[in-house]
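Protein chains in written order, with this note's numbering: chain A, 24 to 326; chain B, 401 to 660. For glycine and all other residues, C-beta sits at the position ideal for the given N, C-alpha and C. Okay, so here's the structure we're looking at.
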């Protein structure tokens, strides 16, 4: 029995179908990633799942409750980390947790009892009385995550949780998310960092133009859609090399500016050939989720 | 039109009210200075300065006349500023309402909390002027003047409701100038705060009779004079109607703004 399911979910804005009929099912304790370029419909999907927007079609069940009909009851047991920080700037760290807990109908004493553990989780135990303006970006994100846990939710939605963070802060947040997974909480996150999805998610769905175009574990998606080895070739003459040799030596070849991406399951002949072209820079690596993403959603910019 | 479905009101608004109260407590002194001292200074300055030059106005000393108008005026101002500037900060700039909507609370709860909160602040402003009235002994009967308190509550709800409708359609802070210049200021001049409405041309008097501030003043002024107002039910109904319509419209427009 999934903790979250959606079937035939649709949301239109005028002519544009922001969400064009998607099906989702997330099992308890799973980390599920919703990936997609900007404007793919990820955030609209999250808002639909939380019951903040009424769908034009389809059905949603969240923790056993029909949404949006009983969204209020479902949200009682859900935590949300929004894309944009909306901590209360007039309050201290502790007050932010206290005031947020009240929205769930929790008594002050019950919230106060949870605050030390939440602060410890966020690594902010020593900053309990600090005003929000004095926190770093990473601290604010961690506090936002801790705030989402104030009601001890079974399921946590995270909308691009690490956008704008430096690598240290991002790794620290990932640790927190792994701890939540270990506690058996279900996580649903949107991201466009493929590395994040590959590290954290048991299963991902790639969305584009309001539809889910691929779904599965990161490993399975890579195996299904991409040749296992990627050779990247850079240099002024990379294009000529691709015309002369690349075409025959790779199973699939993509060009982007002065770079050529060769996808292959056996790189021996290819690498041998490249050794004779010393003017080209070459890196080879195993295929990853980003390769799948770029193959499926294309390399054009989405602004 | 689904956004304009009837409001669903419940006690779940209380944590929203408490949130605003906690912020206010931290900033109480500057907030009170702005909200309370300003109308007080105008009332005393004009009341004594101008009042010394005038005979009785509306059958009472000018300071007493002005006090009745200022109670209503100050309540209106406080409710309006809270729902416009502070409300807009919470809705649009700090995204406080978005954060709350991710919890079991709904937008109906949030707006009800904001409505009652703004009316609470307005009550404080009205009471501050009333305290001056009592201190200076301007009221004819203390017990009758206590009826001013429920009038102030209604007046606060009226202008908070209207303010929420304005807030819902505002793209930025500058937009509120339209409301002040086109609605609030004309209302102050048409509704008998500084001089009796009977001084106005008849056409303007007819306009005035529809305006909520006029109804508030029609209630407060006799109560200071120790009399029960005539047509009290009509005036109270007008305040409820403006405030209720404003709140409903504001809620519908805010649903359209945040939940689509």
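Inset, instruction - Please name the residue, chosen from A:65, A:51, A:286 and A:59, that lies closest to residue 32 of chain A on a Cα-to-Cα basis. - result: Translated into the one-based positions of the first chain, residue 32 of chain A becomes position 9. Closest option to residue 32 of chain A, Cα to Cα, is A:65.
Inset, instruction - At 7 Å on the CB atoms, spell out the chain A contacts of residue 495 of chain B, in chain order. - result: On the second chain, position 95 is the one that residue 495 of chain B refers to. 107 and 109, listed in chain order.
Legend entry - According to DSSP, residues forming a beta bridge with residue 175 of chain A: Here residue 175 of chain A is taken as the residue at index 152 of the first chain, counted from 1. Paired residue(s): none; residue 175 of chain A is not in a bridge.
Legend entry - alpha helix (DSSP H) segment containing residue 10 of chain A, residue limits: What is shown of chain A runs 24 to 326, which leaves residue 10 of chain A out entirely.
Inset, instruction - Go ahead and label residue 298 of chain A buried or exposed: buried means 16 or more other beta carbons lie within 10 angstroms of its beta carbon, across all protein chains shown. - result: One-based indexing of the first chain puts residue 298 of chain A at position 275. So residue 298 of chain A counts as exposed.
Legend entry - Test: residue 423 of chain B CB closer than 8 Å to a CB of chain C: Any reference to chain C falls outside this structure, whose protein chains are A and B.
Inset, instruction - Name the two residues that bound the continuous beta strand (DSSP E) containing residue 257 of chain A. - result: Translated into positions along the first chain, residue 257 of chain A becomes position 234. That run of the beta strand (DSSP E) goes 252 to 257.
Inset, instruction - Return helix, strand or coil for residue 89 of chain A, following the three-state DSSP convention. - result: The residue labelled residue 89 of chain A in the question sits at position 66 within the first chain. If DSSP states are grouped into helix, strand and coil, residue 89 of chain A belongs with the strands.
Inset, instruction - Please compile the residues from chain A whose C-beta is within a distance smaller than 7 Å of the C-beta of residue 419 of chain B. - result: Position 19 of the second chain, counted from the first residue, corresponds to residue 419 of chain B. Near residue 419 of chain B (Cβ distances below 7 Å), the residues of chain A are 122.
Legend entry - Alpha-carbon spacing of residue 255 of chain A relative to residue 178 of chain A, whole angstroms: Residue mapping note: residue 255 of chain A aligns to position 232 of the first chain, counting from 1. Residue mapping note: residue 178 of chain A aligns to position 155 of the first chain, counting from 1. Rounded to whole angstroms, residue 255 of chain A to residue 178 of chain A spans 40 Å at the Cα level.
Legend entry - Reduced DSSP secondary structure (H/G/I, E/B, other) of residue 180 of chain A: As a working note, residue 180 of chain A is residue 157 in the first chain. Three-state DSSP puts residue 180 of chain A in a strand.
Inset, instruction - Report whether the distance from the Cβ of residue 464 of chain B to the nearest heavy atom of the ligand PLP is below 7 Å. - result: With respect to the ligand PLP, the structure shown offers nothing to examine, as it has no ligands at all.
Inset, instruction - Return yes when the Cβ of residue 102 of chain A is within less than 8 Å of the Cβ of residue 192 of chain A, no when it is not. - result: On the first chain, residue 192 of chain A is found 169 positions in, with the first residue counted as 1. On the first chain, residue 102 of chain A is found 79 positions in, with the first residue counted as 1. For residue 192 of chain A and residue 102 of chain A, no; Cβs fall outside 8 Å.
Inset, instruction - Return no unless some Cβ of chain B is closer than 8 Å to the Cβ of residue 57 of chain A. - result: Locating residue 57 of chain A in the first chain gives position 34, counting from the first residue. No, no contact with chain B.
Inset, instruction - Look at residue 60 of chain A and residue 320 of chain A and say whether their C-beta atoms are less than 8 Å apart. - result: Residue mapping note: residue 60 of chain A aligns to position 37 of the first chain, counting from 1. Residue mapping note: residue 320 of chain A aligns to position 297 of the first chain, counting from 1. Against a cut-off of 8 Å, the Cβ pair of residue 320 of chain A and residue 60 of chain A comes out as a contact.
Inset, instruction - Mind reading off the beta-carbon distance from residue 470 of chain B to residue 563 of chain B? Whole number of angstroms is fine, and I expect it under 8 Å. - result: Translated into positions along the second chain, residue 470 of chain B becomes position 70. Translated into positions along the second chain, residue 563 of chain B becomes position 163. With a Cβ gap of about 19 Å, residue 470 of chain B and residue 563 of chain B do not count as contacting.
Legend entry - Beta-carbon proximity list for residue 303 of chain A, same chain, < 8 Å, skipping 5 on both sides: Within the first chain, numbered from 1, the residue matching residue 303 of chain A stands at position 280. Only 256, 257, 258, 260, 261, 264 and 297 meet the Cβ criterion.
Legend entry - Same chain, Cβ closer than 8 Å to residue 201 of chain A, neighbours up to 5 away in sequence not counted: Position 178 of the first chain, counting from 1, holds the residue named residue 201 of chain A. Around residue 201 of chain A: 223.
Inset, instruction - Assess, as a yes-or-no matter, whether the region 578 to 590 of chain B is touched by the region 497 to 511 of chain B under the definition of 3 or more beta carbon pairs within less than 8 Å. - result: no
Inset, instruction - List the residues of chain A that residue 498 of chain B touches, going by C-beta distances under 7 Å, in chain order. - result: Here the question's residue 498 of chain B lines up with position 98 in the second chain. What residue 498 of chain B touches in chain A: 105 and 109.
Legend entry - Enclosing alpha helix (DSSP H) for residue 135 of chain A [first to last residue]: As a first step, residue 135 of chain A must be located in the first chain, where it is residue number 112. 131 to 145 is the span of the alpha helix (DSSP H), which, as asked, contains residue 135 of chain A.
Legend entry - Residue interval of the beta strand (DSSP E) (run including residue 309 of chain A): One-based indexing of the first chain puts residue 309 of chain A at position 286. Taken as a continuous stretch (DSSP letters only), the beta strand (DSSP E) holding residue 309 of chain A covers 304 to 309.
Legend entry - Local Cβ density within 10 Å of residue 314 of chain A, reported as buried at 16 or more and exposed below that: Sequence index remark: in the first chain, residue 314 of chain A carries index 291 (1-based). That one is buried.
Inset, instruction - Kindly indicate the opening and closing residues of the beta strand (DSSP E) around residue 286 of chain A. - result: As a position in the first chain, residue 286 of chain A is number 263, starting the count at 1. Note, residue 286 of chain A: beta strand (DSSP E), 282 to 287.
Legend entry - Alpha carbon of residue 230 of chain A to alpha carbon of residue 219 of chain A, nearest angstrom: Taking the first chain and counting its residues from 1, one reaches residue 230 of chain A at position 207. Taking the first chain and counting its residues from 1, one reaches residue 219 of chain A at position 196. Roughly 16 Å between the two C-alpha positions.
Legend entry - residue 99 of chain A: contacting residues in chain B (beta-carbon distance under 7 Å): Within the first chain, residue 99 of chain A is the residue found at index 76, counting from 1. Correct list: 504.
Legend entry - Per DSSP, the bridge partner or partners of residue 460 of chain B: Mapped onto the second chain, residue 460 of chain B falls at position 60. In DSSP, residue 460 of chain B forms a bridge with B:457.
Legend entry - the region 442 to 451 of chain B / the region 487 to 495 of chain B touching (three or more Cβ pairs under 8 Å): no
Inset, instruction - Please name the residue in A:208, A:237 and A:96 whose C-alpha comes closest to that of residue 226 of chain A. - result: Stepping through the first chain from its first residue, residue 226 of chain A is reached at position 203. Minimum Cα distance to residue 226 of chain A is reached at A:237.
Legend entry - C-alpha gap between residue 158 of chain A and residue 423 of chain B, whole angstroms: On the first chain, position 135 is the one that residue 158 of chain A refers to. On the second chain, position 23 is the one that residue 423 of chain B refers to. Each residue's Cα considered, the two are about 19 Å apart.
Legend entry - residue 285 of chain A versus residue 484 of chain B - alpha carbon distance: Numbered from 1 along the first chain, position 262 holds the residue referred to as residue 285 of chain A. Numbered from 1 along the second chain, position 84 holds the residue referred to as residue 484 of chain B. For residue 285 of chain A and residue 484 of chain B, the distance between alpha carbons rounds to 58 Å.
Inset, instruction - Give every residue of the same chain whose Cβ lies closer than 6 Å to the Cβ of residue 576 of chain B, excluding the five residues on either side of it in the sequence, and list them in chain order. - result: Here residue 576 of chain B refers to the residue found at position 176 of the second chain. So the list reads 484, once near-sequence residues are dropped.
Inset, instruction - Using a Cβ cut-off of 8 Å (strictly closer), state whether residue 660 of chain B contacts chain A. - result: In the second chain, residue 660 of chain B corresponds to position 260, counting from 1. By this cut-off, residue 660 of chain B is an interface position.
Legend entry - Inter-residue spacing [alpha-carbon to alpha-carbon] between residue 246 of chain A and residue 312 of chain A: Start at 1 with the first residue of the first chain, and residue 246 of chain A comes out as number 223. Start at 1 with the first residue of the first chain, and residue 312 of chain A comes out as number 289. Rounded to the nearest angstrom, the two C-alpha atoms are 10 Å apart.
Inset, instruction - Below 8 Å on the Cβ atoms is my guess for residue 292 of chain A versus residue 324 of chain A; work out the distance and round it to an integer in Å. - result: Your numbering for residue 292 of chain A matches position 269 in the first chain. Your numbering for residue 324 of chain A matches position 301 in the first chain. With a Cβ gap of about 34 Å, residue 292 of chain A and residue 324 of chain A do not count as contacting.
Inset, instruction - Under 8 Å between beta-carbons, which chain B residues line up against residue 118 of chain A? List them in chain order, please. - result: Here residue 118 of chain A corresponds to residue number 95 of the first chain, with the count starting at 1. Within chain B, the residues near residue 118 of chain A are 422.
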